[in-house]
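Here is the structure we will look at.
Protein chains in written order, with the working numbering: chain A, 216 to 313; chain B, 655 to 1107.
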């Protein structure tokens, strides 16, 4: 359980650590990498509540930390280049308090 | 990979695939309400849920509007896992570091059925409701994410959790009800809606913050099973179309923010939803409410913002959409969604029962579903707030300038000083005149009254 500081600010990693999951065998997210390298806005890097998408400057591509996904689907709505599928067979998040 | 290309019809699969009368996608309030009514009437109904258990993937702010639930299971609140009922409502404008608010502490809300507003945790509540449907005879299969429909020509004849040509993971049905939720991918695949637009969805994040029951009662001025629902506008999501909330569970708080996705897209130096939530939690009005708490769960979900004018089609041959998948969320200040989800599920069930004798569920037969929706509060409420979001989007002064002005006016009026009140009043009038174009404002207010709230 994550301990909240007096000012109630918790790092995102600590927040993500509170979510119970059954781990995914493979990524449920696919990117159209050609679009990524051309993209000017990179909305995926700020729309995601779990910050799954990180721009890797050195590799000139998006790193997808799919195992942190909270399955809201906002990225798919925000970007046509993201192909997103529900994690199969009961994998992924399982909320217990929300 | 279309199934039509490979098969002339479902007959080829029938030997190997299971078949039921009604397949329902999603064990949320819409799907389960539908399954409950059908099972009670003796229909062979299967509900497919992608989570490990019903509610595992579900999240909302916290308030269950329960008029429909009370019709289905009278006095459900005496046995359901309900945290608290909403005894106290609080609407607040956050302006920079200030707050201007309206508090509603109505004794009517404190008597059964408690204004049909209950604070619940979906992971517990949805599981309970699904159990009630199981008792009626509905089959619920968890851990099964439906990936596509099975088709016979244009008609939908079932669902599959694997690839479309894999008979082991298919389920044939006379009719399918899709309550897949706000991330409406199957509705897109059925051709009932276009790919979701950024304006059609809010992204919302929430933390469940544990605090003692007594601490919560003290901070919110409530006792026993009374709960509080605090809603925050304006600078809860600065300059953006969104809002924030704090709702009381028994011994924890639901603290969250939501913002329309397109608002972040259009924003300079856009914050992430998590950063927006941290900012909200740090506002001087919120900080003392959550102080010393322990975050026990972080969660995220989308909320439909389709609005009446951009709703999907609700049915096609062999398929009906219910709940969030159909965009049934009242996009006004009321936030009603879960009651509309249940009502739509129940109406889909009634439509099926009406056509069951003939066993025909083509688009012509299912048109009855839309008729039922139109004659009910579901589409009527959607219609009465049809312009709300558009008005807020195109009149940003409602989100920024006016709340700031309201705060300035109220602050100056109540300021204690030796300036005569007559001077204060004329100063206020001058200030308002300089910032508000009355003709334009009157028009906006008229539009809001007519098609907004």
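Using N, Cα and C, we set each Cβ at its ideal position, and we do this for glycine too. Keep in mind the model is a prediction, meaning the values are calculated, not measured.
For residue i, the residue or residues it bridges with in DSSP
i                      : result
residue 234 of chain A : For residue 234 of chain A, which the question treats as bridged, DSSP gives no partner whatsoever.
residue 297 of chain A : A:246
residue 270 of chain A : A:277
residue 678 of chain B : B:701 and B:831
residue 772 of chain B : B:718 and B:739
residue 883 of chain B : B:743 and B:901
residue 809 of chain B : B:806
residue 906 of chain B : B:864
residue 794 of chain B : B:701
residue 756 of chain B : B:745
residue 951 of chain B : B:862
residue 840 of chain B : Residue 840 of chain B is not bridged to any residue.
Check whether residue i and residue j have beta carbons under 9 angstroms apart
i                      : j                       : result
residue 999 of chain B : residue 977 of chain B  : yes
residue 740 of chain B : residue 313 of chain A  : no
residue 629 of chain B : residue 693 of chain B  : Outside the displayed range of chain B (655 to 1107) lies residue 629 of chain B, so it cannot be described from this structure.
residue 715 of chain B : residue 886 of chain B  : no
residue 297 of chain A : residue 919 of chain B  : no
residue 783 of chain B : residue 854 of chain B  : no
residue 926 of chain B : residue 264 of chain A  : yes
residue 211 of chain A : residue 262 of chain A  : What is shown of chain A runs 216 to 313, which leaves residue 211 of chain A out entirely.
residue 882 of chain B : residue 893 of chain B  : no
residue 691 of chain B : residue 1004 of chain B : yes
residue 940 of chain B : residue 856 of chain B  : no
residue 275 of chain A : residue 238 of chain A  : no
residue 767 of chain B : residue 720 of chain B  : yes
residue 923 of chain B : residue 773 of chain B  : no
residue 769 of chain B : residue 762 of chain B  : yes
residue 229 of chain A : residue 949 of chain B  : yes
residue 713 of chain B : residue 300 of chain A  : no
Closer than 8 angstroms at the beta carbon, the chain A residues around residue i
i                      : result
residue 951 of chain B : 233, 234, 310, 311, 312 and 313
residue 862 of chain B : 312 and 313
residue 713 of chain B : 310 and 313
residue 686 of chain B : What residue 686 of chain B touches in chain A: nothing, since even the nearest Cβ is about 17 angstroms away.
Nearest to residue i (by Cα), restricted to the options the options
i                       : options                         : result
residue 787 of chain B  : B:699, B:799, B:1056 and B:900  : B:699
residue 310 of chain A  : B:781, B:691, B:736 and B:991   : B:781
residue 888 of chain B  : B:898, B:875 and B:1096         : B:898
residue 697 of chain B  : B:983, B:828, B:1030 and B:1092 : B:828
residue 953 of chain B  : B:803, B:912 and B:989          : B:912
residue 717 of chain B  : B:989, B:1100, B:836 and B:934  : B:989
residue 970 of chain B  : B:1014, B:962, B:992 and B:957  : B:1014
residue 962 of chain B  : B:848, B:909 and B:980          : B:980
residue 241 of chain A  : A:230, A:229 and A:279          : A:279
residue 1096 of chain B : B:1056, B:1077 and B:761        : B:1056
residue 1065 of chain B : B:702, B:683 and B:753          : B:753
residue 801 of chain B  : B:809, B:813, B:793 and B:795   : B:813
residue 680 of chain B  : B:798, B:773, B:764 and B:917   : B:798
residue 755 of chain B  : B:929, B:1006 and B:747         : B:747
residue 835 of chain B  : B:1019, B:928, B:955 and B:1092 : B:955
residue 1078 of chain B : B:1062, B:1093 and B:1089       : B:1062
residue 231 of chain A  : B:859, B:1020 and B:727         : B:859
residue 851 of chain B  : B:907, B:917, B:822 and B:796   : B:917
residue 765 of chain B  : B:785, B:779 and B:742          : B:742
residue 805 of chain B  : B:826, B:816, B:822 and B:842   : B:826
residue 1054 of chain B : B:895, B:965 and B:950          : B:895
residue 234 of chain A  : A:282, A:299 and A:304          : A:282
residue 224 of chain A  : B:975, B:935, B:1040 and B:1058 : B:935
residue 815 of chain B  : B:677, B:1076 and B:777         : B:677
residue 951 of chain B  : B:938, B:777 and B:1030         : B:777
Contact list for residue i against chain A, beta-carbon separation under 7 angstroms
i                      : result
residue 955 of chain B : 287
residue 781 of chain B : Near residue 781 of chain B there are no residues of chain A at all, since even the closest Cβ is about 10 angstroms away, more than 7 angstroms.
Nearest-angstrom beta carbon gap, residue j and residue i [assumed within contact, 8 angstroms]
i                       : j                       : result
residue 994 of chain B  : residue 1009 of chain B : The Cβ separation is near 23 angstroms, so there is no contact.
residue 236 of chain A  : residue 288 of chain A  : The pair is not a contact, with the Cβ atoms about 17 angstroms apart (cut-off 8 angstroms).
residue 775 of chain B  : residue 729 of chain B  : Not really, about 20 angstroms apart at Cβ, beyond 8 angstroms.
residue 831 of chain B  : residue 810 of chain B  : Actually they do not touch by this definition, with Cβ atoms about 11 angstroms apart.
residue 905 of chain B  : residue 866 of chain B  : 6 angstroms
residue 891 of chain B  : residue 930 of chain B  : 6 angstroms
residue 1045 of chain B : residue 1101 of chain B : 6 angstroms
residue 794 of chain B  : residue 708 of chain B  : 7 angstroms
residue 796 of chain B  : residue 872 of chain B  : Incorrect: roughly 40 angstroms between the Cβ atoms, too far for contact.
residue 722 of chain B  : residue 996 of chain B  : 4 angstroms
Contact set between residue i and chain B, taken where Cβ atoms lie within less than 7 angstroms
i                      : result
residue 172 of chain A : Because chain A in this structure spans residues 216 to 313, residue 172 of chain A falls outside the shown range and cannot be described.
residue 305 of chain A : 705, 706, 796 and 797
residue 301 of chain A : 704 and 799
Where residue i meets chain B, residues with beta-carbon distance less than 8 angstroms
i                      : result
residue 271 of chain A : Within 8 angstroms Cβ-Cβ: nothing; residue 271 of chain A doesn't reach chain B, min ~17 angstroms.
residue 261 of chain A : 918, 924, 925 and 926
Under 9 angstroms by beta carbon: chain A residues contacting residue i
i                      : result
residue 678 of chain B : Going along chain A, no residue has its Cβ under 9 angstroms from residue 678 of chain B, so there is no contact; the nearest lies around 16 angstroms.
Residues that residue i contacts on chain B, provided the C-beta gap is smaller than 9 angstroms
i                      : result
residue 314 of chain A : Nothing about residue 314 of chain A can be read from this structure; chain A reaches only from 216 to 313.
residue 258 of chain A : 852, 915, 918, 919 and 924
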